[in-house]
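Here is the structure we will look at, set down as structure tokens.
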Amino acid sequence: MSTHPAEPFRIKVVEPIHLIQETEREKALQRAGYNIFGLKSDEVFIDLLTDSGTGAMSQDQWGAMMIGDESYAGARSHQRLSAAMEKIFGFRHFVPTHQGRAAENILCAVTLKEGQYVPSNMHFDTTEGNIRARGGRPTNLVINEAFDNKSDHPFKGNMDLKKLEDFIKQIGPENIPLGMITITNNAGGGQPVSLENLRAVSKIYHSHQIPFFIDACRFAENAYFIKLREPGCENKSTLEIAQEIFSLADGATMSAKKDAIVNIGGFLAVNDSALFEKICNELILREGFITYGGLAGRDLDAIAVGLMEGLNEDYLAYRLGQTAYLVNELKKLGIPVIEPAGGHAVYINAGKMLPQIPQAEFPGQALAVEMYRAGGIRAVEMGSVAFAYPDPDSGEMHFPEMELVRMAIPRRTYTQSHMDYVVNVLKNIDAKKESLSGYRIIKEPKLMRHFTATFESVS
Ligand SMILES: Cc1ncc(COP(=O)(O)O)c(C=O)c1O
0 MSTHPAEPFR IKVVEPIHLI QETEREKALQ RAGYNIFGLK SDEVFIDLLT
50 DSGTGAMSQD QWGAMMIGDE SYAGARSHQR LSAAMEKIFG FRHFVPTHQG
100 RAAENILCAV TLKEGQYVPS NMHFDTTEGN IRARGGRPTN LVINEAFDNK
150 SDHPFKGNMD LKKLEDFIKQ IGPENIPLGM ITITNNAGGG QPVSLENLRA
200 VSKIYHSHQI PFFIDACRFA ENAYFIKLRE PGCENKSTLE IAQEIFSLAD
250 GATMSAKKDA IVNIGGFLAV NDSALFEKIC NELILREGFI TYGGLAGRDL
300 DAIAVGLMEG LNEDYLAYRL GQTAYLVNEL KKLGIPVIEP AGGHAVYINA
350 GKMLPQIPQA EFPGQALAVE MYRAGGIRAV EMGSVAFAYP DPDSGEMHFP
400 EMELVRMAIP RRTYTQSHMD YVVNVLKNID AKKESLSGYR IIKEPKLMRH
450 FTATFESVS
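Residue numbers for the sequence shown, in numbering that gives the first Met the number 0: 0 to 458.
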């Protein structure tokens with residue numbers, strides 16, 4: 000019997016979920032314009048849309064919320080968060096933000112000019128959107144193994160160091176106001192980045208005087224992968240590994256809705272005091288005062304506790320074990336998934352699973368819609384709907400390397416039997432996959448169209 004580490008918690012509060020009838024699911028899809036973002040949560044049975052802000056907080060986090068200090072300035076909650084930030088990240092300054100993209104927006108506002116480039120292993124869609132919204136050009140330089148389903152490279156999120164060096168030479172460091180890396184690499188399958196790679200990336204950026212920023216959303220999962228997979232790191236704690244990671248960088252953005260296991264929150268951290276002054280001005284204009292940044296005091300306390308819980312190794316063994324379990328069960332059925340298993344999500348290669356649907360007709364969208372229709376499961380397309388874009392110079396459409404569907408697993412929320420249900424639904428879809436057809440877009444906004452675009456079937 001295949002299994003994963005038993006959940007290292009017992010359930011004290013429950014939230015009922017219910018599978019509505021297939022005919023009701025079909026109506027819901029029509030109403031939503033075949034965009035799963037348009038579904039109501041009570042129309043969804045197993046919600047794997049995102050692991051962002053959807054985890055279950057612990058009794059210690061709920062307890063900490065009760066002592067939240069709602070003072071406008073200098074709240075004790077901020078002091079407690081500062082202590083956790085200091086312990087893990089060690090940057091000289093930070094501001095809380097209401098979520099990750101707010102940190103990205105402020106970072107782009109204070110660093111980026113039109114026409115400049117920001118390299119990374121792979122930017123997440125909100126980072127990409129924020130860079131483009133300022134006229135910047137996000138550039139992805141992940142290793143080629145990231146796109147090879149068969150490769151079992153242990154750190155598929157790594158930056159390709161040669162590509163990075165060549166890119167800096169070609170563009171010129173003066174046109175690169177900051178360099179980034181995303182840990183783990185969400186847009187590329189939740190794959191980790193090795194400590195060795197992070198050290199090398201830091202060295203390259205710094206040798207060109209390019210400030211190095213880490214998108215730290217899933218830093219704890221990345222640290223645990225390093226502990227499991229990187230020679231020489233097996234005896235380090237995840238906290239020690241995290242401390243080493245952030246000592247290499249000049250700053251970080253984070254959505255606390257991931258590895259801090261809270262429902263809302265984020266931060267932007269930097270070492271540079273002059274930059275921090277600009278950040279504070281921008282924050283006050285858009286988010287709130289510098290000691291609360293758009294959050295309630297109680298939210299800051301929940302983050303302070305959650306950041307440490309996210310690094311707990313029993314929790315991380317269960318967390319990564321659950322993801323690996325789902326990957327292994329799907330593999331047994333012959334469903335093409337990204338391997339090795341990533342941290343927070345399982346990615347099905349819909350392009351491979353549904354080869355009859357061309358990229359321009361969105362195989363990932365077809366699979367995501369079918370998962371809801373067949374079993375009330377909400378997963379999200381991460382292919383051409385989310386990532387295809389027209390070249391700013393030629394107008395020609397660029398398609399992403401892979402047409403993925405992401406099943407993100409909320410933290411401490413679903414059990415092994417929920418995972419088994421998901422496997423069963425996908426088994427049924429796999430049995431009739433030849434009959435599925437693609438979609439065309441009826442209406443779309445200019446940026447980040449996957450959230451609100453509407454579709455119709457091409458059949
Ligand atoms: C890698 C990465 N960066 C940034 C973000 C944006 O965070 P938020 O949704 O809190 O704005 C996300 C969210 O999923 C993410 O996965």
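Ideal Cβ positions, reconstructed from N, Cα and C, are used throughout, including at glycine.
Across the segment 416-432 and the segment 324-337, are there enough close Cβ pairs to call them in contact, namely three or more that are closer than 8 Å? yes
Quick check on glycine 382: buried or exposed, where buried means 16 or more other Cβ atoms within 10 Å of its Cβ? Stepping through the sequence shown from its first residue, residue 382 is reached at position 383. When all chains shown are included, glycine 382 counts as buried.
On the three-state DSSP scale, how would you describe isoleucine 289? Numbered from its first residue, the sequence shown carries residue 289 at position 290. Residue state, collapsed to three classes: coil.
Okay, do the segment 274-287 and the segment 95-106 touch, 3+ Cβ pairs below 8 Å being the bar? yes
Once DSSP output is grouped into helix, strand and coil, what is the label at glutamate 6? Here residue 6 refers to the residue found at position 7 of the sequence shown. In the structure shown, glutamate 6 sits in coil (DSSP, three-state: anything other than H, G, I, E or B).
Give me, in chain order, the residues of the same chain whose beta-carbon lies closer than 6 Å to that of glycine 315; leave out the 5 immediate sequence neighbours on both sides. In the sequence shown, residue 315 corresponds to position 316, counting from 1. For the sequence presented, residue 315 should be read as leucine rather than glycine. By the criterion of a C-beta distance shorter than 6 Å, leucine 315 is surrounded in its chain by Tyr223, once the five residues flanking it on both sides are discounted.
Could you check whether the Cβ of glycine 292 sits closer than 6 Å to any heavy atom belonging to ligand 1? The count along the sequence shown starts at 1 and reaches residue 292 at position 293. No.
Following a CB-centred definition, is histidine 99 positioned closer than 6 Å to any heavy atom of ligand 1? Your numbering for residue 99 matches position 100 in the sequence shown. For the sequence presented, residue 99 should be read as glycine rather than histidine. The beta carbon of glycine 99 sits closer than 6 Å to at least one heavy atom of ligand 1.
By alpha-carbon positions, which one of Pro444, Gln355, Glu395, Ser393 ends up nearest to lysine 431? To locate residue 431, count along the sequence shown from 1; it is residue 432. Looking at the Cα atoms, Gln355 is the closest of the given residues.
Cysteine 216 beta carbon near ligand 1 (any heavy atom closer than 6 Å): On the sequence shown, position 217 is the one that residue 216 refers to. Checking every heavy atom of ligand 1 against the Cβ of cysteine 216, one is found closer than 6 Å.
For ligand 1, I want to know if phenylalanine 288 counts as a neighbour, meaning its beta carbon is within less than 6 Å of at least one of the ligand's heavy atoms. Translated into the one-based positions of the sequence shown, residue 288 becomes position 289. Not so, every heavy atom of ligand 1 lies at least 6 Å from the Cβ.
Within the present structure, is the beta-carbon of phenylalanine 123 separated from the nearest heavy atom of ligand 1 by less than 6 Å? The residue given as residue 123 occupies position 124 in the sequence shown. Flag set: Cβ of phenylalanine 123 near ligand 1.
Paired residues, beta bridge with tyrosine 371 - DSSP: By 1-based counting over the sequence shown, the position of residue 371 is 372. Tyrosine 371 pairs with nothing; no bridge assigned.
Using 7 Å as the threshold, is the C-beta distance between glutamate 402 and glycine 320 below it? Residue 402 sits at position 403 when you count from the first residue of the sequence shown. Residue 320 sits at position 321 when you count from the first residue of the sequence shown. Against a cut-off of 7 Å, the Cβ pair of glycine 320 and glutamate 402 comes out as no contact.
Give every residue of the same chain whose Cβ lies closer than 7 Å to the Cβ of leucine 366, excluding the five residues on either side of it in the sequence, and list them in chain order. The sequence position of residue 366 within the sequence shown is 367, counting from 1. Correct list, in chain order: Ile347, Ala349, Met352, Leu353, Val404.
Under a Cβ-count criterion, where at least 16 other Cβ atoms within 10 Å of its own Cβ denotes burial, should glycine 296 be classed as buried or exposed? Stepping through the sequence shown from its first residue, residue 296 is reached at position 297. The residue is buried, with at least 16 neighbouring Cβ atoms inside 10 Å.
Assigned exposure category for isoleucine 441 - 16 Cβ within 10 Å defines buried: Counting from one through the sequence shown, the residue named residue 441 turns up at place 442. With fewer than 16 Cβ atoms within 10 Å of its Cβ, isoleucine 441 is classed as exposed.
Threonine 126 to isoleucine 19 span [Cα, whole Å]: Counting from one through the sequence shown, the residue named residue 126 turns up at place 127. Counting from one through the sequence shown, the residue named residue 19 turns up at place 20. Whole-angstrom Cα-Cα distance: 35 Å.
Less than 6 Å between the CB of lysine 155 and some heavy atom of ligand 1, yes or no? Along the sequence shown, one-based indexing puts residue 155 at 156. Lysine 155 Cβ: outside cutoff for every heavy atom of ligand 1.
Nearer than 6 Å: is that true of the beta carbon of serine 51 relative to any heavy atom of ligand 1? If you number the sequence shown from 1, residue 51 lands on position 52. Checking every heavy atom of ligand 1 against the Cβ of serine 51, one is found closer than 6 Å.
Between the Cα of alanine 344 and those of Ala132, Glu308, Asn184, spot the shortest distance and give me the residue it belongs to. Within the sequence shown, the letter at position 345 stands for residue 344. The shortest Cα separation from alanine 344 among Ala132, Glu308, Asn184 belongs to Asn184.
Quick check on the DSSP output: the alpha helix (DSSP H) that includes arginine 439 runs from which residue to which? Taking the sequence shown and counting its residues from 1, the one referred to as residue 439 is at position 440. Not the alpha helix (DSSP H): arginine 439 falls in the beta strand (DSSP E), residues 438-442.
Does the beta-carbon distance from alanine 219 to aspartate 258 come in below 7 Å? Counting from one through the sequence shown, the residue named residue 219 turns up at place 220. Counting from one through the sequence shown, the residue named residue 258 turns up at place 259. Going by C-beta atoms, alanine 219 is nearer than 7 Å to aspartate 258.
For arginine 136, which residues does DSSP report across the bridge? Your numbering for residue 136 matches position 137 in the sequence shown. Tyr116, per the DSSP bridge assignment.
If isoleucine 179 and histidine 122 are in contact, beta carbons under 8 Å, what's the gap, nearest whole angstrom? Residue numbering aside, residue 179 sits at position 180 when the sequence shown is read from its first letter. Residue numbering aside, residue 122 sits at position 123 when the sequence shown is read from its first letter. The question names isoleucine, but residue 179 is methionine in the sequence shown. Going by Cβ atoms, the distance from methionine 179 to histidine 122 rounds to 7 Å, so yes, they are a contact pair.
From this set, Leu47, Gly305, Ser236, which residue's C-alpha is nearest glutamine 60's C-alpha? Stepping through the sequence shown from its first residue, residue 60 is reached at position 61. The candidate whose alpha carbon is nearest that of glutamine 60 is Gly305.
Who pairs with serine 254 in a beta bridge, going by DSSP? Position 255 of the sequence shown holds residue 254. Beta-bridge pairing links serine 254 to Gly265.
With a threshold of 6 Å (Cβ to nearest heavy atom), would threonine 464 be considered close to ligand 1? Residue 464 lies beyond the stretch modelled for the chain, which goes from 0 to 458, so this question has no answer here.
Where phenylalanine 8 falls, given that 16 or more other Cβ within 10 Å makes a residue buried: On the sequence shown, position 9 is the one that residue 8 refers to. Exposed.
Could you check what DSSP says for glutamine 415 in three-state terms: helix, strand or coil? Counting from 1 along the sequence shown, the entry for residue 415 is found at position 416. Looking at glutamine 415 - three-state DSSP - the assignment turns out to be helix.
Return yes when the Cβ of threonine 290 is within less than 7 Å of the Cβ of alanine 72, no when it is not. Start at 1 with the first residue of the sequence shown, and residue 72 comes out as number 73. Start at 1 with the first residue of the sequence shown, and residue 290 comes out as number 291. Against a cut-off of 7 Å, the Cβ pair of threonine 290 and alanine 72 comes out as a contact.
Decide if asparagine 143 is buried, meaning its Cβ has at least 16 other Cβ atoms within 10 Å, or exposed. Working through the sequence shown from its first residue, we reach residue 143 at position 144. The Cβ neighbour count for asparagine 143, taken over all protein chains shown within 10 Å, is under 16; the residue is labelled exposed.
To the nearest angstrom, how far is the alpha carbon of valine 269 from that of phenylalanine 245? Here residue 269 is taken as the residue at index 270 of the sequence shown, counted from 1. Here residue 245 is taken as the residue at index 246 of the sequence shown, counted from 1. Per the coordinates, the alpha-carbon of valine 269 lies some 11 Å from the alpha-carbon of phenylalanine 245.
Kindly provide the ranges of any beta strand (DSSP E) runs that are 3 or more residues long and lie completely inside the segment 188-245, ordered along the chain. 211-214
Tell me, which residues are paired with tyrosine 346 by DSSP? Here residue 346 corresponds to residue number 347 of the sequence shown, with the count starting at 1. Answer by DSSP bridge pairing, in chain order: Arg405.
Output the distance between the C-alpha atoms of alanine 83 and leucine 310, rounded to the nearest integer angstrom. Position 84 of the sequence shown, counted from the first residue, corresponds to residue 83. Position 311 of the sequence shown, counted from the first residue, corresponds to residue 310. So the two alpha carbons sit approximately 12 Å from each other.
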